[in-house]
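A.B. asks:
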Amino acid sequence: MSLFWRIFLLNAAVLLVAMLLLLLGPVTVSTPVLFTEAMIMIGGLAAMLVANAVLLRVGLAPLKRLTRAMTTTDLLRPGPRPAVTGHGGIADLIETFNSMLDRLEAERGDSAARALTAQEDERRRVAQELHDEVGQTLTAVLLELKRVADHAPAPVRDELRQVQETTRGSLDEIRRIARRLRPGDLEQLGLISALKALTTEISGHSDLTVRRRFDPDLPELGEEAELVVYRVAQEAITNTARHAGARNLELALTRTDDGVRLRIRDDGRGLGAATEGAGIRGMRERALLVGAELVVGPGPEGGTEVRLHVPTGSR
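Numbering of the sequence shown is given in the numbering used here, commencing with residue 12 and proceeding in unit increments.
1) Three or more C-beta pairs under 8 Å: does that hold for the stretch 156 to 163 against the stretch 107 to 114?
2) Please go through the stretch 254 to 312 and give each complete beta strand (DSSP E) segment of 3 or more residues, from N-terminal end onward.
3) Can you tell me whether Met294 is buried or exposed? The criterion is at least 16 other CB atoms within 10 Å of its CB, across all chains shown.
4) Over the uninterrupted alpha helix (DSSP H) stretch that includes Leu319, give me the two end residues.
5) Taking three-plus beta-carbon pairs below 8 Å as touching, is the stretch 220 to 231 in contact with the stretch 174 to 185?
6) Span of the beta strand (DSSP E) holding Val221?
7) In this structure, does DSSP put Ala205 in helix, strand or coil?
8) Would you call Glu287 buried or exposed, if buried means 16 or more other Cβ atoms sit within 10 Å of its Cβ?
9) Grab the span of the alpha helix (DSSP H) containing Thr251 for me, first residue to last.
10) Where does Ser217 sit, in a helix, a strand or coil, going by DSSP?
11) If Val95 sits next to Ala58, beta carbons under 8 Å apart, how far is it from one beta carbon to the other, in whole angstroms?
12) Mind reading off the beta-carbon distance from Ala255 to Gly279? Whole number of angstroms is fine, and I expect it under 8 Å.
13) Which residue's Cα is closest to the Cα of Thr323: Glu231, Ala263, Leu67?
14) Going by C-alpha to C-alpha distance, which of Thr249, Arg266, Val243 sits closest to Gly215?
15) Give the single residue among Gly314, Asp277, Glu261, Val243 whose Cα lies nearest to the Cα of Glu304.
16) Identify whether Glu198 lies in helix, strand or coil by the three-state DSSP scheme.
17) So, for Glu246: in the same chain, excluding its five sequence neighbours on each side, which residues have a beta-carbon less than 6 Å away from its beta-carbon?
18) Check whether the Cβ atoms of Val321 and Ile275 lie closer than 7 Å to each other.
19) Between the C-alpha atoms of Arg191 and Glu261, what's the straight-line distance to the nearest angstrom?
20) Within the continuous alpha helix (DSSP H) that includes Ala5, where are the two ends?
21) Under 7 Å between the Cβ atoms of Ala257 and Asp277?
22) By the three-class DSSP mapping on this structure, what secondary structure does Thr96 have?
23) I need the DSSP call for Leu45, collapsed to helix, strand or coil.
24) Which class does Pro91 belong to by DSSP, given the choice of helix, strand or coil?
25) Roughly how many whole angstroms lie between the Cα atoms of Leu115 and Gly302?
26) Taking the alpha carbon of Leu319 as the reference point, which residue from Leu153, Leu282, Leu273, Gly310 has its own alpha carbon closest?
27) Figure out for me which residue from Asp218, Glu198, Thr267 has the closest Cα to the Cα of Asp228.
28) Using the rule of at least 16 other Cβ atoms within 10 Å of the residue's Cβ for burial, across every protein chain shown, is Arg297 buried or exposed?
29) Run the CB neighbour count on Arg193, radius 10 Å, all protein chains shown included, and call it buried at 16 or more, exposed below.
30) On the criterion of 16 or more Cβ atoms from any shown chain inside 10 Å, does Thr251 qualify as buried, or is it exposed?
31) Check Glu234 in the structure and name its three-state DSSP category.
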């Protein structure tokens, strides 16, 4: 029975009882009203209000839980669904809401997968062009500068040597950007080698002191799951180097009972009251693609800690 009919029938029953008492019982209403008559009327009104309050409290409790779920639901942080309780239309409403969440999460997952796949393809294309086009052009410029410098007068030769060093530095930077766009170490040498190269590169270009720990018996992860672990580590380390003001960073890749856990911890200023930016949201979207769980928060001794748990069997 729907909530409307239950409230309506309860009110009708109370009013019917009151009418029968007035019609068939010894109770009458005098003018002016006697004390006993007033007490009976007040008692009937109180009984009706209490009955309505109890029914509404019990009947609308599932709606309060549904309202709380509506205000706290985040598609990037899937949580338990509201329990399908209540009667009539309330249970149908909660079930419809849960079905809508399932559909929205599935659609968001599909769209995020397509967007991230397109992003990886674009990164691969840009990295290839940087390596093949810009890299080869700068290499040719370096060779030409060397040839000219070998035949140039001494004052000009020194200036050409400086131009060579600048060009060589630009070539190294382009190669570094290309490696970040397309992690060749991940494809050729595996996840651990790619993470070692990533931390070595970041420590060489910043003041961070990096400590690494890798369990020796890590389970096999799928290609997509390894890419997710690498990209999450890359984003977390980049955020630490750029924004955290940290001096030390720890990266650990360990085995769990049902998968692999990546943990990145720094001693920087922490997140504070700042809202999550596009980088962290991107990490959450990547984690959802492989059924992983991502937690970003303060570390046990300050700073920021990023934990990614990837279950075994991820793609």
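We put the beta carbon where it would ideally sit given N, CA and C, even for glycine. As the structure is a computational prediction, the values presented were derived from the model and not from experiment.
C.D. replies: Considering the structure as presented:
1) no
2) 259 to 267, 270 to 277, 304 to 309
3) Residue numbering aside, residue 294 sits at position 283 when the sequence shown is read from its first letter. With 16 or more Cβ atoms within 10 Å of its Cβ, Met294 is classed as buried.
4) In the sequence shown, the residue the question calls residue 319 occupies position 308. Here Leu319 belongs to no alpha helix (DSSP H); instead the beta strand (DSSP E) covers 315 to 322.
5) no
6) Here residue 221 refers to the residue found at position 210 of the sequence shown. Residues 220 to 225.
7) The residue you call residue 205 lines up with position 194 of the sequence shown. Three-state DSSP puts Ala205 in a helix.
8) Within the sequence shown, the letter at position 276 stands for residue 287. Exposed, since its Cβ has fewer than 16 Cβ neighbours within 10 Å.
9) Along the sequence shown, one-based indexing puts residue 251 at 240. Here Thr251 belongs to no alpha helix (DSSP H), and DSSP marks it neither H nor E.
10) Mapped onto the sequence shown, residue 217 falls at position 206. Looking at Ser217 - three-state DSSP - the assignment turns out to be coil, as it is neither helix nor strand.
11) By one-based count along the sequence shown, residue 95 stands at place 84. By one-based count along the sequence shown, residue 58 stands at place 47. The pair is not a contact, with the Cβ atoms about 32 Å apart (cut-off 8 Å).
12) Counting from 1 along the sequence shown, the entry for residue 255 is found at position 244. Counting from 1 along the sequence shown, the entry for residue 279 is found at position 268. Sure, about 3 Å apart at Cβ, within 8 Å.
13) In the sequence shown, the residue the question calls residue 323 occupies position 312. The shortest C-alpha separation from Thr323 is found at Glu231.
14) As a position in the sequence shown, residue 215 is number 204, starting the count at 1. Of the candidates Thr249, Arg266, Val243, the one whose C-alpha sits nearest the C-alpha of Gly215 is Thr249.
15) Along the sequence shown, one-based indexing puts residue 304 at 293. Considering only alpha carbons, the answer is Val243.
16) Start at 1 with the first residue of the sequence shown, and residue 198 comes out as number 187. Helix.
17) Numbered from 1 along the sequence shown, position 235 holds the residue referred to as residue 246. Hits under 6 Å: Gly290, Met294.
18) For the purposes of this step, residue 321 is identified with residue 310 of the sequence shown, where counting begins at 1. For the purposes of this step, residue 275 is identified with residue 264 of the sequence shown, where counting begins at 1. Result no, Cβ atoms of Val321 and Ile275 do not sit closer than 7 Å.
19) Reading the sequence shown from its first residue, position 180 is the one you call residue 191. Reading the sequence shown from its first residue, position 250 is the one you call residue 261. Rounded to whole angstroms, Arg191 to Glu261 spans 20 Å at the Cα level.
20) The first residue shown for the chain is 12 and the last is 326, placing residue 5 beyond what the model contains.
21) Along the sequence shown, read from residue 1 onward, the residue named residue 257 stands at position 246. Along the sequence shown, read from residue 1 onward, the residue named residue 277 stands at position 266. Yes, these two residues count as a Cβ contact at 7 Å.
22) For the purposes of this step, residue 96 is identified with residue 85 of the sequence shown, where counting begins at 1. Note: Thr96 maps to coil in three-state DSSP.
23) On the sequence shown, residue 45 is found 34 positions in, with the first residue counted as 1. Here Leu45 sits in coil by DSSP.
24) On the sequence shown, position 80 is the one that residue 91 refers to. Three-state result, Pro91: coil.
25) For the purposes of this step, residue 115 is taken as the residue at position 104 of the sequence shown. For the purposes of this step, residue 302 is taken as the residue at position 291 of the sequence shown. Rounded to the nearest angstrom, the two C-alpha atoms are 16 Å apart.
26) If you number the sequence shown from 1, residue 319 lands on position 308. Measuring from the Cα of Leu319, the nearest candidate turns out to be Leu273.
27) If you number the sequence shown from 1, residue 228 lands on position 217. It is Thr267.
28) Start at 1 with the first residue of the sequence shown, and residue 297 comes out as number 286. Flag for Arg297 reads buried.
29) As a working mapping, residue 193 is identified with position 182 in the sequence shown. When all chains shown are included, Arg193 counts as buried.
30) For this step, residue 251 is matched to residue 240 along the sequence shown. It counts as buried.
31) Against the sequence shown, residue 234 aligns to sequence position 223. Helix at Glu234.
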